[in-house]
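For reference, the structure is listed below as structure tokens.
Numbering (our numbering), first residue to last: 10 to 297.
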């Protein structure tokens with residue numbers, strides 16, 4: 010009999026909208042083919058109508074396929090998969106010169122043994138919604154953080170930062186050459202039942218953290234939750250709205266058997282100590 014996978018289709022969903030763009034350059038994949046080793050990958054392409062779409066699809070496929078061929082720790086597998094995705098972009102551009110200059114962002118998440126690890130390049134955000142709190146996990150490799158810092162220093166107003174022409178300029182991306190910046194989890198993050206993980210392309214930043222949190226808190230199915238996020242982006246009717254992709258994973262209730270075993274172990278220890286004390290009291294009452 011086949012082993013039951015921890016993550017089932019009801020636990021995750023993804024969808025995308027084109028926004029005001031003439032083409033779709035986002036791509037993504039879920040891979041739960043390996044038990045207790047759930048992989049999620051998202052890429053946001055750049056390079057025009059054909060180049061961006063080709064880049065994101067090529068990178069997602071290469072990352073996913075290579076991840077499962079690497080042996081060792083999850084962090085090593087994510088890193089090697091990222092390098093392979095970047096290399097495949099180089100090979101694709103060399104074989105089709107018209108694709109020269111294409112590239113993409115990429116964020117890859119692996120959930121293994123109740124723990125989450127990630128790797129990312131570019132500005133595609135990754136969040137964890139847990140216990141009513143939304144926390145961004147990965148770094149933003151665009152000019153946005155620098156502009157926000159200038160706002161804090163009083164060098165720019167929030168309005169100036171919001172419309173700055175370099176706001177979305179990437180400081181790092183997969184383009185088939187050396188990767189300037191790579192963000193990777195320094196340590197794994199423990200997940201608990203009910204936690205929700207959100208991966209997205211930067212088009213979702215049309216919504217504020219408060220708006221994202223409000224939606225992620227809703228008691229909806231994951232598929233409906235994803236559509237709710239994308240509907241909220243549409244409702245903003247932002248001029249020149251970028252492609253937007255939202256992927257949500259919910260940690261199932263039967264998750265984290267290690268934690269349950271640990272709790273049971275502590276209960277056994279307390280019971281043993283209690284019985285030992287009672288036994289000593291009984292022994293003392295007989296001899297004194």
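Beta carbons are placed, not taken as given, at the ideal position from N, Cα and C, and that holds for glycine.
Enclosing alpha helix (DSSP H) for residue i [first to last residue]
i	result
residue 260	Taken as a continuous stretch (DSSP letters only), residue 260 belongs to no alpha helix (DSSP H), as it is neither H nor E.
residue 126	No alpha helix (DSSP H) contains residue 126, which is instead part of the beta strand (DSSP E) from 124-130.
residue 222	218-225
residue 213	Looking at the DSSP string, residue 213 is not in any alpha helix (DSSP H), and its letter there is neither H nor E.
residue 170	167-171
Continuous beta strand (DSSP E) stretch holding residue i: start and end
i	result
residue 313	Since the displayed the chain opens at 10 and closes at 297, residue 313 lies outside it and no answer follows.
residue 200	From DSSP, residue 200 is part of no beta strand (DSSP E); its letter is neither H nor E.
residue 239	Per DSSP, residue 239 belongs to no beta strand (DSSP E); it is in the alpha helix (DSSP H), 231-245.
residue 28	First-last for residue 28: undefined, no H or E at that position.
residue 143	142-145
Residue closest to residue i, alpha-carbon to alpha-carbon, out of the options
i	options	result
residue 69	251, 241 and 183	183
residue 100	29, 208 and 67	67
residue 84	246, 192 and 252	192
residue 195	18, 180, 90 and 124	124
residue 248	147, 122, 59 and 27	27
residue 258	201, 64 and 91	201
residue 227	127, 138 and 133	138
residue 63	82, 130, 244 and 102	102
residue 56	90, 40, 71 and 112	112
Residues that DSSP places opposite residue i in a beta bridge
i	result
residue 151	179
residue 189	According to DSSP, residue 189 bridges with nothing at all.
residue 298	With the chain running from 10 to 297 in the structure shown, residue 298 is simply not present.
residue 55	112
residue 67	Beta-bridge pairing links residue 67 to no other residue.
residue 207	136 and 257
residue 118	49 and 127
residue 21	258
Outcome for residue i when other beta-carbon atoms lying within 10 angstroms are tallied against a minimum of 16
i	result
residue 54	buried
residue 44	exposed
residue 187	exposed
residue 213	buried
residue 20	buried
residue 177	exposed
residue 36	buried
residue 167	exposed
residue 218	exposed
residue 117	buried
residue 86	buried
residue 18	exposed
residue 210	buried
residue 203	exposed
residue 149	buried
residue 132	buried
residue 141	exposed
residue 244	exposed
residue 151	buried
residue 29	exposed
residue 275	Legend: pLDDT at residue 275 = 48, less than 50; position of this residue unreliable, value from coordinates given subsequently. It counts as exposed.
residue 42	exposed
residue 153	buried
residue 163	exposed
residue 34	buried
residue 82	exposed
Separation of residue j from residue i, as counted between CA atoms
i	j	result
residue 110	residue 263	46 angstroms
residue 190	residue 93	16 angstroms
residue 88	residue 180	19 angstroms
residue 22	residue 173	34 angstroms
residue 49	residue 221	20 angstroms
residue 241	residue 104	40 angstroms
residue 78	residue 161	45 angstroms
residue 252	residue 80	35 angstroms
residue 114	residue 199	26 angstroms
residue 266	residue 122	Note on residue 266: pLDDT 44, under 50, position unreliable in the model; the coordinate value appears next. Approximately 9 angstroms, taken between the alpha carbons.
residue 170	residue 158	10 angstroms
residue 16	residue 144	22 angstroms
residue 31	residue 136	28 angstroms
residue 229	residue 107	44 angstroms
residue 61	residue 73	18 angstroms
residue 260	residue 96	33 angstroms
Residue i beta carbon near the ligand NAD (any heavy atom closer than 8 angstroms)
i	result
residue 132	The model depicted lacks the ligand NAD and carries no ligand whatsoever.
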